[in-house]
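Read through the structure below, which is laid out as structure tokens, and then see the notes.
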Amino acid sequence: MSAATILCIGTVGIDEVETPASRVENVLGGSASYFAVAASVVGSQAQLVSVVGDDFPDAHRQMLAARGADLAGLVTLPGKCFRWGGRYHEDMNQRETLYTDLNVLSQFDPHLPDHFREARYVFLANTDPSLQIKALDQVRAPDLVVLDSMNLWINIARPVLHEAISRVDVLLMNDEEIRQYTGATNVLIGARQILEHGPQAVIVKRGEYGAVLVHREGMFTCPAFPVDHVVDPTGAGDSFAGGFVGHLAQTRDHSLANFRRAIAHGCVVASFTVEDFSTNRLVSVTPESLVDRYRALRDLTQFDDVTPAHPPVGSVHHAQGAPH
393 MSAATILCIG TVGIDEVETP ASRVENVLGG SASYFAVAAS VVGSQAQLVS VVGDDFPDAH
453 RQMLAARGAD LAGLVTLPGK CFRWGGRYHE DMNQRETLYT DLNVLSQFDP HLPDHFREAR
513 YVFLANTDPS LQIKALDQVR APDLVVLDSM NLWINIARPV LHEAISRVDV LLMNDEEIRQ
573 YTGATNVLIG ARQILEHGPQ AVIVKRGEYG AVLVHREGMF TCPAFPVDHV VDPTGAGDSF
633 AGGFVGHLAQ TRDHSLANFR RAIAHGCVVA SFTVEDFSTN RLVSVTPESL VDRYRALRDL
693 TQFDDVTPAH PPVGSVHHAQ GAPH
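Its first residue numbered 393, the sequence shown is counted upward by one per residue in the numbering used here.
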């Protein structure tokens, strides 16, 4: 089967990450970078639309190209790349942002190369919803559009975000963001409210606990694959998206059953990401190791049906014909 292509609008940049065990700098970062490499793990290729500075290392560019990414939409501008620095503590759920330097990203104005406009699958990574809409306006007839967002845009650009969400098929948000966006205290109720405004599915991102799919045709919950030693959680969400959309693009099957398989692929791919810094672990994943971990996740979540042999203790049963 030939590789499917996915249009991805997001960030490509340089990260500095510090954990209790180690520290790295000048490593590849950005939502589009993680997405592209993750999608390649499941056999899909990304068409990247982003901007970098003239300090972007050739080694990073070459690695993305080697993973099948089409870099025709990766614009280089004079100046420095988008740079982010973060520190994790013993509890890897606690992250401290040390700095966010937009640099040339502040000039990002997505213009799609002509062959990108024919994209059938689109991932709008977390960014200003006005840019997400501008990019989507340039795509002629996509089959599936997936959008990721965050609390910042809910706070400062809610009307534009609402318009963007109304135009996509799948929305990715965490539980806190869904509550904030909808005003619902119950995440499932909030997700169903979002379905009334356009998307056919909402995926609730739950970090180390996996993901929940709320679909017009049903629900599904998938745990994260258990990892013994988490090195760096950065990029796990975008890696999940790469595995998820990559599987859908590769199979071209949008049924609920295949959405479930796609989410499992997303969780598996993300589990590889966190085992090393940046995309270092992703580039070493083999098809065999992907399938092995997918099947291990399936086995972890599979259980047999049961028919109660006896009534529950304390239940009241009346003999047939006995007075009630």
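Positions of the beta carbon are idealized from the N, C-alpha and C atoms, including for glycine.
- Per DSSP, Val496 is not a residue of any beta strand (DSSP E), being assigned neither H nor E.
- Taking Cys659 as the centre and dropping the five residues before and after it, the same chain places the C-beta of Gly602, Ala603, Cys614, Pro615, Ala616, Phe617, Phe632, Gly635, Leu689 closer than 8 Å to its C-beta, in chain order.
- A straight-line Cα-Cα distance of about 21 Å links Thr671 and Arg598.
- Ranked by Cα distance from Ala395, the options Ala428, Val404, Asp407, Gly421 are led by Ala428.
- Distance check between Gly421 and each of Asp567, Ser432, Thr468, Gly478 places Gly478 closest, using alpha-carbon atoms only.
- When C-alpha distances from Glu609 are compared across Leu494, Glu588, Ser647, His639, the shortest belongs to Ser647.
- Per DSSP, Cys473 lies in no alpha helix (DSSP H) segment and is marked neither H nor E.
- When Cβ pairs closer than 8 Å are counted between the two stretches, the stretch 474-493 is seen not to touch the stretch 459-466, the count staying below three.
- Membership of Met611 in the beta strand (DSSP E) is indicated by the continuous run 610-614.
- With respect to the C-alpha of Asp483, the residue from His621, Asp697, Val404, Ser676 having the closest C-alpha is His621.
- Every unbroken stretch of the alpha helix (DSSP H) spanning 4 or more residues and falling wholly within the stretch 662-707 is given here in chain order: 679-693.
- Counting C-beta pairs with one atom in each stretch, the stretch 396-403 and the stretch 428-448 have three or more that are closer than 8 Å, which means they touch.
- Taking a C-beta distance under 8 Å as the contact criterion, Leu536 and Leu605 do not qualify as a contact pair.
- Ala396: not part of any alpha helix (DSSP H); member of the beta strand (DSSP E) spanning 396-401, first to last residue.
- Less than 8 Å divides the Cβ of Ile595 from the Cβ of Val562.
- Note that the C-beta distance between Gln572 and Ile546 is below 8 Å.
- Around the CB of Asn495, 16 or more other CB atoms lie within 10 Å, so the residue is classed as buried.
- If you look at Asn418, you'll find it isn't in any alpha helix (DSSP H); it sits in the beta strand (DSSP E) that goes 415-421.
- Here the alpha carbon of Gly575 sits roughly 42 Å from the alpha carbon of Ala457.
- If you ignore the 5 residues before and after Leu469, its C-beta comes within less than 7 Å of the C-beta of Val443, Gly445, Val496, Gln499, all in its own chain and listed in chain order.
- The continuous beta strand (DSSP E) containing Leu563 extends over residues 562-566.
- Straight-line measurement puts the Cα of Asp447 at about 6 Å from the Cα of Lys472.
- With a minimum length of 4 residues, the unbroken runs of alpha helix (DSSP H) contained wholly in the stretch 503-541 fall at 521-529.
- At a Cβ-Cβ threshold of 8 Å, Gln530 and Leu504 count as neighbours.
- Looking from the CA of Phe651, the closest CA among Val538, Glu568, Val579 belongs to Val538.
- Rounded to the nearest angstrom, the gap between the Cα atoms of Thr699 and His481 is 46 Å.
- A check of alpha carbon separations from Ile406 across Pro449, Ala431, Val467 identifies Pro449 as the nearest.
- The Cβ atoms of Val623 and Pro591 lie no closer than 8 Å to each other.
- Burial of Pro625 is indicated by the presence of at least 16 other C-beta atoms within 10 angstroms of its C-beta.
- Apart from sequence neighbours up to five positions away, the residues of its chain that approach Ile655 with a beta-carbon distance below 8 Å are Ile595, Ala603, Leu605, Phe612, Cys614, Phe636, ordered along the chain.
- Leu440 has Cys400 as its beta-bridge partners, per DSSP.
- Within the model, the alpha-carbon separation for Gly629 versus Ser425 is close to 12 Å.
- The C-alpha of Phe515 is placed about 11 Å away from the C-alpha of Pro534.
- For Val552, the enclosing alpha helix (DSSP H) starts and ends at 550-558.
- Residue pairing for Thr489: DSSP places it in a beta bridge opposite Gly478.
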